[in-house]
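Per our numbering, the sequence shown starts with residue 263, numbered consecutively. Every residue gets a Cβ at the ideal spot worked out from N, C-alpha and C, and that includes glycine.
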Amino acid sequence: MQKDKDNNKKVDVKVGKIHYGKLWQDVKKHKKYFFIVLPVVFVVAALLSFSVPNYYNCTVKLAPELSMSNTNRARSLTNLASSLGINLSTTTNNGDALFPTLYPELMNSVTFRTSLFPIKVQSEKGGKIMTYYDYLKDEQKSPWWSKILPGIMSLFREKKEDVKQEVNTFKLTKEQSKVAKMIAKKVVCDVDNKSFVITINVTDQDPVIAATIADSVQQKLQDFITDYRTRKARRDLEHNQKIYDETKARYEQAVLEYANYADANQHVFLERVRSKQTKLQTEMSLQTQAYTQIAAQLMQSEAKVQEETPAFTTLQPATVPLKKSGPKRAQICLIFLFLAFIGTTLYCFHKEGDLIPVSKSLLGLGVDDEEE
């Protein structure tokens with residue numbers, strides 16, 4: 263008789279069905295657990311979510327100028343690789359090693375991150391103007407639990423005076439490395455493999471600073487790419503400018519010598535004088551020809567620099583975000599409450615002996631027809 267009563271408490275899985283009414287009665291039997299657990303979890307979730315500081319996102323989108331032939335070739339290669347399940351980063355552009363797909367790697371470099379240290383920023387509420395490095399080092403808010411372990415560790419460390427050091431990318435200090443890692447998380451670059459649109463996303467606790475850094479990163483990226491693409495052309499220009507200055511000086515000297523000698527010997531008909539005058543005239547003609555050629559090369563070099571200078575189209579400029587991007591406190595509380603509800607329900611099933619039969623039924627394992 264006792265065995266029959268025990269069997270009535272279990273889920274009937276012989277026909278693959280679950281007695282939902284029985285489960286509902288078991289949950290109602292222990293509803294006091296829900297009245298205790300859910301309010302406590304809600305309060306805890308609210309405290310945790312409100313301990314996380316607000317943050318804002320600012321997004322900038324750029325379209326780099328590419329020649330049609332290079333763009334079409336890059337797109338065809340990328341599409342072909344994508345169809346084969348391969349992530350191909352095209353890095354050839356008429357010998358150009360800095361293709362747009364490598365811009366995220368460039369921005370993730372230590373050199374680029376440390377170049378953002380001296381940017382001047384000011385918060386939305388005003389206050390003093392400081393460098394981005396000092397702002398990240400001294401003005402960042404963090405949840406209370408993230409301060410517990412560092413606070414305990416600081417008790418066992420000797421206090422050292424904060425002495426500012428010059429940034430050496432070869433060997434950063436611990437503080438500089440920490441700030442550089444913060445920038446790597448806050449400043450993110452992404453490039454679309456098909457359209458090559460550059461997306462720069464900056465996250466910060468202050469909306470004005472987020473927009474300021476997004477605009478500065480955009481400008482620094484453009485300057486770096488421009489410097490890279492025009493480097494060889496500018497070197498050629500400098501070389502041709504040096505040769506031009508030297509050739510111009512020799513040309514002017516030859517013209518001056520010929521003019522002085524010709525003026526001084528206008529009425530002299532000696533063959534020796536005429537021979538030297540012819541020699542000076544020939545030298546002047548050679549220097550004139552050389553000067554003309556190098557002047558043309560200098561103009562070509564200047565045109566080459568202008569041709570190699572890339573142009574960027576700003577699709578979405580940096581603007582101060584009006585609404586915070588997170589944390590989404592309502593969603594956090596709902597997730598906590600949902601998990602607490604599921605956990606409490608499973609505990610109720612466990613108390614009534616329903617958990618194992620229901621699990622087996624849901625997994626399709628079934629139970630024995632007879633239990634001893």
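Could you check if Ile391 is buried or exposed, using at least 16 other CB atoms within 10 Å of its CB as the buried criterion?
Residue burial annotation: Ile391 is exposed, with fewer than 16 other C-beta atoms found within 10 angstroms of its C-beta.
Euclidean distance between Cα positions of Ala442 and Pro366
About 15 angstroms.
Could you name the residues of the same chain whose beta carbon sits closer than 6 angstroms to that of Val383, not counting the 5 residues immediately before and after it, in chain order?
Excluding positions up to five away in sequence, the list reads Tyr394, Tyr397, Ile471, Thr474.
Provide the residue(s) that pair with Ser385 in DSSP beta bridges, ordered along the chain.
According to DSSP, which records beta bridges pairwise, Ser385 is partnered with Gly388.
Buried or exposed for Pro315, going by 16 or more other Cβ atoms inside 10 Å?
The residue is exposed, with fewer than 16 neighbouring Cβ atoms inside 10 Å.
Any heavy atom of the ligand MG closer than 7 angstroms to the beta-carbon of Ser404?
Among the ligands in the structure shown, none appear at all, so the ligand MG cannot be discussed.
Could you check if Thr353 is buried or exposed, using at least 16 other CB atoms within 10 Å of its CB as the buried criterion?
Confidence at Thr353 is low in this model, with a pLDDT of 41, below 50, so its placement is unreliable and no value can be given for it.
Determine, for Gln515, whether the minimum Cβ-Cβ distance to residues of chain D falls below 8 angstroms.
In summary, chain D is missing from the structure at hand, where a single protein chain is found.
What is the DSSP secondary structure of Val372, reduced to helix, strand or coil?
Per DSSP, reduced to three states, the secondary structure at Val372 is helical.
Counting pairs of beta carbons, one from the region 497-506 and one from the region 539-548, are three or more of them closer than 8 angstroms?
They do not touch, by the three-pair rule.
Determine the burial state of Ile597: buried for a count of at least 16 other Cβ atoms within 10 Å of its Cβ, exposed for fewer.
By the Cβ neighbour-count rule, Ile597 is exposed, with fewer than 16 other Cβ atoms within 10 Å of its own.
Enumerate in chain order the residues of its own chain whose CB-to-CB distance from Val450 is below 6 angstroms, with the five nearest sequence positions on each side excluded.
Around Val450: Asn463.
Which same chain residues, not among the five before or five after Thr607, have their C-beta less than 8 angstroms away from its C-beta?
Non-local C-beta neighbours of Thr607 in its own chain, meaning closer than 8 angstroms and more than five positions away in sequence, comprise Val289, ordered along the chain.
Of the choices Thr576, Asp468, Ser563, Thr554, whose alpha-carbon is the least far from that of Asn502?
Check the Cα spacing between Asn502 and each of Thr576, Asp468, Ser563, Thr554: the tightest is with Ser563.
Is it buried or exposed, Tyr282, if we count other Cβ atoms within 10 angstroms and call 16 or more buried?
Exposed: under 16 other Cβ atoms inside 10 Å.
Beta-carbon separation (whole angstroms), Ile487 vs Pro572, contact threshold 8 angstroms
The pair is a contact, with the Cβ atoms about 6 angstroms apart (cut-off 8 angstroms).
Measuring CA to CA, which of Arg591, Ala511, Ser457, Lys291 is closest to Thr550?
Ranking the options by Cα distance to Thr550, first place goes to Ala511.
Burial state of Asn455, where buried means 16 or more other Cβ atoms lie within 10 Å:
Counting the other Cβ atoms within 10 Å of the Cβ of Asn455 gives 16 or more, which makes it buried.
Asp396 - containing alpha helix (DSSP H), residue span
394-400 is the extent of the alpha helix (DSSP H) around Asp396.
CB of Asp250 within 8 angstroms of CB of Tyr317, strictly:
As shown, the chain starts at 263 and ends at 634. That puts residue 250 outside it, with no answer to give.
If you scan the region 493-565 from start to end, which runs of the alpha helix (DSSP H) of 4 or more residues do you find wholly inside it?
Those alpha helix (DSSP H) runs which fall completely within the region 493-565 and span 4+ residues are 493-526.
Do the CB positions of Thr461 and Val567 come within less than 8 angstroms of each other?
Contact check for Thr461 against Val567 fails: the beta carbons are separated by 8 angstroms or more.
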